[in-house]
Amino acid sequence: MTVRISNDAVALACGADAVAAAFAAAGVEVERVSSWGMHWMEPLVDIDGVGYGQVSADQVPSILSGDAKSIGRIEDHPFIAKQNRLTFARAGKTRPTSLDDYYASGGWLGLGQARAIGAEATIETIMTSGLRGRGGAGFPAGIKWQTVANAPAEQKYIVCNADEGDSGTFADRMVMEGDPFMLIEGMAIAGFAVGASKAYIYIRSEYPHAIAKMEAAIRLSAHLIAPFVVEVRVGAGAYICGEETSLLNSLEGKRGEVRAKPPLPALEGLFGKPTVVNNVLTLAAVPWILAHGGEAYASYGMGRSKGTMPVQLAGNVKHGGLFEVAFGITLGELVNDIGGGTASGRPVRCVQVGGPLGAYIAPAQFDLPFDYEAFAAADALIGHAGITVFDDSVDMAQMARFAMEFCAIESCGKCTPCRLGSTRGVETIDQIIAGNNVDANLALLADLAETMKFGSLCAMGGFTPYPVMSAIKLFPEDFK
Amino acid sequence: MTSIADIVAEHAHREGPLLPILHDVQKAFGHVSEDAMRDIAQALNLTRAEVYGVVSFYHDFRKEAEARPILKLCRAEACKARGVDALVPIAENQSRVKLEAVYCLGMCSVGPAALVGDQVIARLDATRLSSLLEAM
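The listed protein sequences derive, respectively, from chains V and X.
In this text, residue positions in the first sequence follow numbering that gives the first Met the number 0: the first is 0, and each later residue adds one.
In this text, residue positions in the second sequence follow numbering that gives the first Met the number 0: the first is 0, and each later residue adds one.
Right, here's the structure in full:
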């Protein structure tokens, strides 16, 4: 009998250690594995593939005696069976920092393939796969790699952006905590392809478990990726450092202020050297693509959105967790069919896709397919593919206010529309909420939003208007 | 006891060592004092203003010591959707534990969530938050 319990932070935060200890006390050996991503089930106990959900320590005897009710085979559960798990193929199955488990599940095949076919063909494979930056901007990864590869320099860098600050997202955290070798392999492939000898992974300080597991995995695998070197750097609680140029400044030991582009980081990035800055999910997709081929990856998805996206179902959702699926699935399928609607049982009022800078979307638009271009056409943002669900008790004027407040707290301060506009935005929404000159203040707010959108240096000030204006457009009754 | 000089020496060989140094100083001393900033600036050949600018930019670094235990409660959208705002008064109506806002712990499917040291706690409700505060 093999008992598996996750040691992902979600499982730990829901009491997994106490459950594991109870099994150990009963004389049963427990394997601590990554999370399946069925977060509403955590702590989830996996006994020879059969699952028991929301287990507490006092239920352990009844599970061992066979009296407890199981959810059946985890792999056959609709939440898992409907997914296309490429990046999360190992989720729930392997011990995160076990090199044996990683080898046994196809680890290092991608790096081996890259070394066998050479740097140019590796970049060609990424081009063929159609992989786009999973951090939010959706820029083709192959083109970025090609640019860095072509840039002449003694020293080049790979920078993995693991500053996953968007509320509603946790896929980066799950990769780092659940499959850290895969991410290291992805960085090593990128380094090999562009001629970089050093990688930094910038992890936010709010993720202590991810930091610990990445550091352990880097120690264990150093000899396998040498002479390539990976080093963890820890952020310090600044949301803006998820913006790539701000992240580079932070890595250099400076204030995390945004840099003007150009120059592109691909040409003048970290310490002025050519640098690939890729999100965790982008780099984590790379080993699979190299091992299975660019065409295999591109066979998933729709239009110019190729491959799969690890969608994160969050907020007031019944079945929250990680759902990796090919692009093209509709928002309604994700929220209602997969997510099961709200956790509170009340009607869904809206969802926010893409984190604090993403637009609110109402159920009337739930036929929107998950596709970069379709979302952009609807004035919305896929971003890092977090979907935060709200029920009908949400006050959208308060959410619009929070969007501005968050921008004011987290603005790096470099450009005026973002630094001042966000504070003026909070004040103006406060006037609207108080019922003072509502129409005039709404007009003023729309004008301010335009200024921030077109006048800000980066997406922080530039995209904050999306949640604000979409809230007003969809739910004007909350602003009267 | 570790000194500022020891910490600086440990990181001096790294590229862009300032943030790792500040993290370790804060870990060792609980905060980054004016004196510490001066010593770090001196050691790294930076101005005090540059070091102060970095310390004051990042929410993690505190310039004054905090004697109380700290509870970081997630106040971002996903935890709001799961009712964190209703819990805030519970944490505010006590003074033994220092309450700080944090924006996302990656627990967005099982919020409201909080961070105490390196321990993450999820599925908070009024009862669980009260007992968490009492236990701190």
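Just so it is clear, CB atoms sit at the ideal spot from N, CA and C, and this is done for glycine as well.
Short-range partners of chain X found in the region 348–381 of chain V, where Cβ spacing is below 7 Å: Q351, P355
Could you give the DSSP three-state label for G71/V: helix, strand or coil? strand
To which residues of the same chain is R172/V closer than 7 Å at the C-beta, ignoring the five residues directly before and after it? Within the same chain, R172/V has close Cβ partners A8, E163, Y206, A209.
Measure the Cβ-Cβ separation of Q397/V and I431/V and say whether it is below 9 Å. Contact flag unset, no.
Using 9 Å as the threshold, is the C-beta distance between L444/V and I471/V below it? Yes. Within cutoff.
DSSP has E230/V in a bridge; who is on the other side? Y199/V
For the region 84–106 of chain X, which residues have a CB atom closer than 8 Å to at least one CB atom of chain V, in sequence order? V101, Y102, C103, L104, G105, M106
Quick check on Y206/V: does DSSP put it in helix, strand or coil? coil
Cα-Cα separation between E409/V and S249/V, rounded to whole angstroms: Near 14 Å, if we compare the C-alpha coordinates of S249/V and E409/V.
Within 9 Å of any Cβ in chain X, is that where the Cβ of I73/V sits? no
Would you list, in chain order, the members of the region 306–333 of chain V that have their beta-carbon closer than 8 Å to a beta-carbon of chain X? Q311, L312, A313, G314, N315, V316, G319, G320
Would the region 60–69 of chain X and the region 264–276 of chain V be scored as touching if the rule is three or more Cβ pairs under 8 Å? No, the region 60–69 of chain X is not in contact with the region 264–276 of chain V.
Compare the C-beta of A108/X against all C-beta atoms of chain V and say whether one is closer than 9 Å. According to the sequence provided, residue 108/X is Ser. The question's Ala does not apply to it. Yes, its Cβ sits closer than 9 Å to a Cβ of chain V.
Using a Cβ-Cβ cut-off of 8 Å (strictly less than) and excluding sequence neighbours within five positions of R47/X, which residues of its own chain qualify? M36, R37, A40
Under 9 Å between beta-carbons, which chain V residues line up against H30/X? List them in chain order, please. Close partners of H30/X in chain V (Cβ separation under 9 Å) are lacking, with about 13 Å as the shortest Cβ gap.
Using a beta-carbon distance below 9 Å, is H12/X in contact with chain V? no
Spell out a yes or no on whether the region 237–244 of chain V and the region 446–465 of chain V are touching, meaning 3 or more CB-CB pairs, one atom from each, closer than 8 Å. yes
D59/X: contacting residues in chain V (beta-carbon distance under 7 Å): S204, A235, G236
For Q311/V, the three-state DSSP class (helix, strand or coil): strand
Taking the beta strand (DSSP E) that V158/V belongs to, which residues open and close that run? 156–161
Chain V partners of D117/X, CB-CB under 7 Å? P207
State whether the region 344–357 of chain V contacts the region 388–407 of chain V, with contact taken as three or more CB pairs (one from each stretch) at a distance under 8 Å. The region 344–357 of chain V is in contact with the region 388–407 of chain V.
Taking only runs of the beta strand (DSSP E) that begin and end inside the region 369–424 of chain V, which ones reach a length of at least 3 residues, in chain order? 385–390
Do S55/V and V18/V have their beta-carbon atoms positioned less than 9 Å apart in this structure? yes
What do you reckon, are the CB atoms on I337/V and F322/V nearer than 9 Å? Taking 9 Å as the Cβ cut-off, I337/V and F322/V qualify as a contacting pair.
Within-9 Å CB hit, F389/V to chain X: yes
Chain X within 9 Å of K413/V, Cβ atoms only: no
Using a Cβ cut-off of 8 Å, pull out every chain V residue sitting near V53/X, in sequence order please. G252, K253, R254
My understanding is that G190/V touches K305/V, with C-beta atoms under 8 Å, so please give their C-beta distance in whole angstroms. The pair is not a contact, with the Cβ atoms about 23 Å apart (cut-off 8 Å).
Residue environment, Y102/V, which counts as buried when at least 16 other CB atoms sit within 10 Å: exposed
Should W144/V be flagged as near chain X, meaning a C-beta pair shorter than 9 Å? no
Local conformation of S34/V per DSSP, three classes: coil
With burial defined as no fewer than 16 other Cβ atoms inside 10 Å of the residue's Cβ, what is the status of G29/X: buried or exposed? A residue is called buried when at least 16 other Cβ atoms come within 10 angstroms of its Cβ; G29/X does not meet this threshold and is exposed.
Could you say which of A118/V, A375/V, L333/V lies nearest to D366/V if we only look at CA atoms? L333/V
Is there contact between the region 98–115 of chain V and the region 213–224 of chain V, where contact requires at least three CB pairs shorter than 8 Å? yes
Meets three-Cβ-pair contact criterion under 8 Å: the region 68–83 of chain X and the region 276–289 of chain V: Contact between the region 68–83 of chain X and the region 276–289 of chain V is absent: fewer than 3 CB-CB pairs across the two stretches fall below 8 Å.
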